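Here the structure is laid out as C-alpha cells; the discussion comes afterwards.
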Amino acid sequence: MAMTEPINNGRFGNFGGMFVPETLIPACQELEKAFKEAWGSEEFRNELSTLLKDYAGRPSPITECERISDELGYKVLLKREDLNHTGSHKINNVLGQALLAKSMGKTRLVAETGAGQHGVATATAAALFGMDCVVYMGEVDIERQKLNVFRMRLLGAEVRPALSGSRTLKDAINEAMRDWVATVEESHYCLGSVMGPHPYPWMVREFHRVIGLEAYSQCQDILGADPDVVTACVGGGSNALGIFSGFVETDAELIGVEPAGGAAVARGIPGVVHGSLSYLLQDEWGQVLEAESISAGLDYPGIGPEHAHLAETGRARYEKVNDKEVVEAFQLLSRTEGIIPALEPAHALAWMSREREYLSGKTVLLNLSGRGDKDATQMMEVLG
Amino acid sequence: MTPREEGIENTLLQAIADGRKCLVPYITGGFEGYLEAISAAAEAGANAIEIGIPFSDPVMDGPTIQAANDMVLSDGITPLQIINEIASLDVDIPLAVMTYYNVVYRFGLERFASNLSEAGISGIILPDLPLIEASSWKSAANTKNREAILLAAPTTTQEHLKKICDETRGFVYAVGLLGITGARKELAESAKIIASRCKEMTEKPVLVGVGIGTPDQAVKVSKVSDGCIVGSAIVQKLLDGGGPEAVGKLVSEFRLALDND
Ligand SMILES: Cc1ncc(COP(=O)(O)O)c(C=O)c1O
Numbered sequence: 489m490a491m492t493e494p495i496n497n498g499r500f501g502n503f504g505g506m507f508v509p510e511t512l513i514p515a516c517q518e519l520e521k522a523f524k525e526a527w528g529s530e531e532f533r534n535e536l537s538t539l540l541k542d543y544a545g546r547p548s549p550i551t552e553c554e555r556i557s558d559e560l561g562y563k564v565l566l567k568r569e570d571l572n573h574t575g576s577h578k579i580n581n582v583l584g585q586a587l588l589a590k591s592m593g594k595t596r597l598v599a600e601t602g603a604g605q606h607g608v609a610t611a612t613a614a615a616l617f618g619m620d621c622v623v624y625m626g627e628v629d630i631e632r633q634k635l636n637v638f639r640m641r642l643l644g645a646e647v648r649p650a651l652s653g654s655r656t657l658k659d660a661i662n663e664a665m666r667d668w669v670a671t672v673e674e675s676h677y678c679l680g681s682v683m684g685p686h687p688y689p690w691m692v693r694e695f696h697r698v699i700g701l702e703a704y705s706q707c708q709d710i711l712g713a714d715p716d717v718v719t720a721c722v723g724g725g726s727n728a729l730g731i732f733s734g735f736v737e738t739d740a741e742l743i744g745v746e747p748a749g750g751a752a753v754a755r756g757i758p759g760v761v762h763g764s765l766s767y768l769l770q771d772e773w774g775q776v777l778e779a780e781s782i783s784a785g786l787d788y789p790g791i792g793p794e795h796a797h798l799a800e801t802g803r804a805r806y807e808k809v810n811d812k813e814v815v816e817a818f819q820l821l822s823r824t825e826g827i828i829p830a831l832e833p834a835h836a837l838a839w840m841s842r843e844r845e846y847l848s849g850k851t852v853l854l855n856l857s858g859r860g861d862k863d864a865t866q867m868m869e870v871l872g
Numbered sequence: 067m068t069p070r071e072e073g074i075e076n077t078l079l080q081a082i083a084d085g086r087k088c089l090v091p092y093i094t095g096g097f098e099g100y101l102e103a104i105s106a107a108a109e110a111g112a113n114a115i116e117i118g119i120p121f122s123d124p125v126m127d128g129p130t131i132q133a134a135n136d137m138v139l140s141d142g143i144t145p146l147q148i149i150n151e152i153a154s155l156d157v158d159i160p161l162a163v164m165t166y167y168n169v170v171y172r173f174g175l176e177r178f179a180s181n182l183s184e185a186g187i188s189g190i191i192l193p194d195l196p197l198i199e200a201s202s203w204k205s206a207a208n209t210k211n212r213e214a215i216l217l218a219a220p221t222t223t224q225e226h227l228k229k230i231c232d233e234t235r236g237f238v239y240a241v242g243l244l245g246i247t248g249a250r251k252e253l254a255e256s257a258k259i260i261a262s263r264c265k266e267m268t269e270k271p272v273l274v275g276v277g278i279g280t281p282d283q284a285v286k287v288s289k290v291s292d293g294c295i296v297g298s299a300i301v302q303k304l305l306d307g308g309g310p311e312a313v314g315k316l317v318s319e320f321r322l323a324l325d326n327d
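Line by line, the protein sequences are chains E and B. Just so you know, we're using the numbering used here here: the first sequence kicks off at 489 and counts up by one. Just so you know, we're using the numbering used here here: the second sequence kicks off at 67 and counts up by one.
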C-alpha cells in the first residue's frame, strides 16, 4: 500500500471529499490546481527545501535514546521535530502553504490553532513573507497556552478568540472557515493538519512527507534496517502521516495514538464536518461531541480522512491513552533523556511506556512532534 | 392539492406568474414559540418558510443564528423532534428545512427524505453540501419527491452556475454576499449581480439570501431576483423575546414593502 494522490475529489478509500459551502468551491479547486503545479515544479521544491534547511533547521536529527531504552526494555529512536524552528513539526506545512499562497497572490493568512503551535508557525511564516495574519483560537486554549498567544502577537499576528461551542480547536476551525468564506479573495486558509476539504489532507501530508523521507534514510544509516514500529500522536494527524509516509511501504507497524477523550477512530462513527468525511465523535443525531484532553493540540473530535482509511484497511492501528499516562510520560522523557516533550507526542510515548511487554525486543521510532516549553505553565499546575 | 403539498417550486412560480415577489422567512426550529412563529409568518404573507434544524458546527451561520442554535441544542431538542412537530403544524404554504449535511448523513439519507415526506416538508437546504458532493443526497431526495435546494455563490464560476441552476429544485438559493448569515447595514453589491447571473440561466425561481435584513434591502434585491430569504433579522426578534407576534409583524413589513413596490 502506498500513500498516493487521492482520487475522485479527494477520496482516500471511503473517506475525504470537499464538503464546503459553494462559496469556497472555486478556492479549493484553485488551491488544488496551484498545489499540483507547485509540487511538480522543481523551482518550487527547491525554494521550499532551501527555506526548510536555512530557516527551519532541517533535516531534524534522529536521537538514539539509551537511558529510556534501558528503562522501557527495548530500543527507542526519536525523530526530533521538536528541534525545528518554532518548536514543532507544524513549520513544514506552514512554509509550504505560505509559499504557495504567496505565489497565488494572496496577502492574508487565516489559521486555526489548538495548542498554539500551528498558530505560531503561521504567524512566523506571515512575518517572514510580509503577509497579514489572523489566528483563531478557542477561549479555553488561549487560557492554557498563554505563552503561544504572546508569541503570536509578538510575531505580528492578530489572535481572535473563538467563543462558541466548546471554545477549543473545533470551534476555532469553525471561526476560521467563517472568516475564509468572507475573505476568500485575498485570504489563504492555512489549515494546520491533514483534515478539511480536498486538497488539504493531501497537500498537508505532502508538506510533512519530508519527516518520513528523512527518517527512513536516517534509520537505514543508524539501524541498517527498518524500525519494527513507528508511532506518533494523532490530533488531526499531520505529524503521524508525515512519518508514516516514509514507512508505509515497509513492514513496520504504524501506530497512531489518540487521547482517550478524543479517540475518533476507537469511538468514532463516519461523519462529515469541517470539509471531509471521516471518523467523528458525534451523538446519535450527528451533533459533533466535544473532545476532552489535557493537550490542546489533540483536543479534536475528528481525524484526518487518510487516517480513517489507514484504520479501515488495517495498515495503521490506533490506540488511546489517558491524561494520567500522558503526564507520566511527559516526566519520564524529561528525566531520562533531558528532553521535555510537548504533551501531544507524550501521548505516543505513554502508549510505548504502557506496552513494554508487547514492544520488548523491538525497535520503536517515535515522532517527537514538538517541545514542551508551551506546556510548562499548565504542567506546573498539574504537578504542583 | 394544497400549496403545502404542491411544493415550493410550483408555489413560487405561481406567485411569480401572479406578479408577486417571493418572501421566505427563516425561523430556528426548536426555539421557544417557533411553531407559532411559523404560523404567524405564514399569515403575514410568507410564500414559503425555511425552518432551521440546529447543528453543533454551523459554519455558514453568523452570531444571531448561532445563538438561537445553541439555545435549542442546550435544551436537548433533536432533529426528529423538530420534524415531528412540523408535521403536526397546520399551515398551508410549502416548508423547507435548512440544516447541515452531517445531520442528514447520520440520520440516513433515505430515511431523512422519507421523514420529510411524511412530515409534509417539501424542500431542504444544506449549505455545506456543494453540488459536487450532492449526488447521493439528490437521488435520495428525488426518490421521495423532495426538493433539494442548491446554493449558488458570488464566487461560483459561470459553468458551474449553469449546473447548479439546472439541478436545483424548489428555487436557486443565490447567496447574496461573500460571507455568513447575519444582517448587514447595506445591501452588498454582489447581491444583485448574483441574482442577475442566475436569472440569465434559469426559469426557476431565484431567491437571494444571506445579508437581507431590512424591507428596503428586500425591495432593492428583488428588483433583480424573484424574491428573498430573510433569516437573522427574524431570528433576532425571537432572541429579543418578541415571540411570534414580533415575527408576524416583521414579516408583514417585508410583505408590504415588496407588494407596494
Ligand atoms: C507538538 C504537536 N504535536 C502534534 C499536534 C497535533 O497535530 P497533528 O495530529 O496534526 O500532528 C500538535 C497540534 O497542535 C502539536 O503542537
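Beta carbons are placed, not taken as given, at the ideal position from N, Cα and C, and that holds for glycine. Note that the structure is predicted; figures quoted are calculated from it, not measured.
Check: Exposure label - SER548/E; buried when at least 16 CB within 10 Å; Outcome: buried
Check: CB contact below 9 Å: ARG172/B versus chain E; Outcome: yes
Check: beta-carbon LYS578/E near ligand 1 non-hydrogen atom, thresh 8 Å; Outcome: yes
Check: beta-carbon GLU832/E near ligand 2 non-hydrogen atom, thresh 8 Å; Outcome: Absence of ligand 2 from the depicted structure is noted, with ligand 1 being the only ligands included.
Check: Chain-ordered residues of the segment 140–160 of chain B with a beta carbon less than 8 Å from chain E; Outcome: THR144, PRO145 and LEU146
Check: Helix, strand or coil at TYR846/E [DSSP, three-state]; Outcome: helix
Check: Reduced DSSP category for TYR788/E - H, G, I as helix; E, B as strand; rest coil; Outcome: coil
Check: Within-9 Å CB hit, ILE757/E to chain B; Outcome: yes
Check: SER654/E beta carbon near ligand 1 (any heavy atom closer than 8 Å); Outcome: no
Check: Sub-9 Å separation of PRO793/E and GLY505/E beta-carbons; Outcome: yes
Check: Buried or exposed by the 16-neighbour rule on C-beta atoms within 10 Å, applied to TYR846/E; Outcome: exposed
Check: Under 9 Å between C-beta atoms of ILE295/B and TYR239/B; Outcome: yes
Check: One or two residues paired with THR492/E in a DSSP bridge; Outcome: Answer is none; THR492/E lacks a bridge partner.
Check: Short CB-CB distance (under 9 Å) between VAL125/B and chain E; Outcome: yes
Check: Inter-residue CB distance, LEU139/B and GLN775/E (contact presumed, cutoff 8 Å); Outcome: 7 Å
Check: Assigned secondary structure, CYS678/E (DSSP; H/G/I helix, E/B strand, else coil); Outcome: coil
Check: Contact check, ALA836/E vs ASN855/E, beta carbons under 9 Å; Outcome: yes
Check: Neighbourhood of ALA490/E by C-beta, 8 Å cutoff - its chain only, sequence neighbours within 5 removed; Outcome: VAL736 and GLU737
Check: Proximity test, Cβ basis, 9 Å: ASN168/B and chain E; Outcome: yes
Check: Boundaries of the alpha helix (DSSP H) in which LYS862/E is found, first to last residue; Outcome: Unbroken run through LYS862/E: none, as it is neither H nor E.
Check: SER841/E Cβ short of 8 Å to ligand 1 heavy atom set; Outcome: no
Check: Sequence-distant residues of its chain with Cβ nearer than 6 Å to SER180/B (five each side left out); Outcome: LYS210
Check: Secondary structure of GLU269/B, DSSP reduced to three states; Outcome: coil
Check: Cβ contact (3+ pairs, closer than 8 Å) linking the segment 530–550 of chain E and the segment 809–829 of chain E; Outcome: no
Check: Separation of THR165/B from ALA214/B, as counted between CA atoms; Outcome: 12 Å
Check: Identity of the residue in VAL753/E, SER652/E, VAL682/E and ALA613/E nearest TYR624/E by Cα; Outcome: SER652/E
Check: GLY785/E CB to nearest heavy atom of ligand 1 below 8 Å; Outcome: yes
Check: Length of the line joining the Cα atoms of LEU616/E and ALA526/E; Outcome: 20 Å
Check: Cβ of GLN770/E within 9 Å of any chain B Cβ; Outcome: yes
Check: Pair within 9 Å by beta-carbon distance, ILE246/B and ALA670/E; Outcome: yes
Check: Reduced DSSP category for LYS567/E - H, G, I as helix; E, B as strand; rest coil; Outcome: strand
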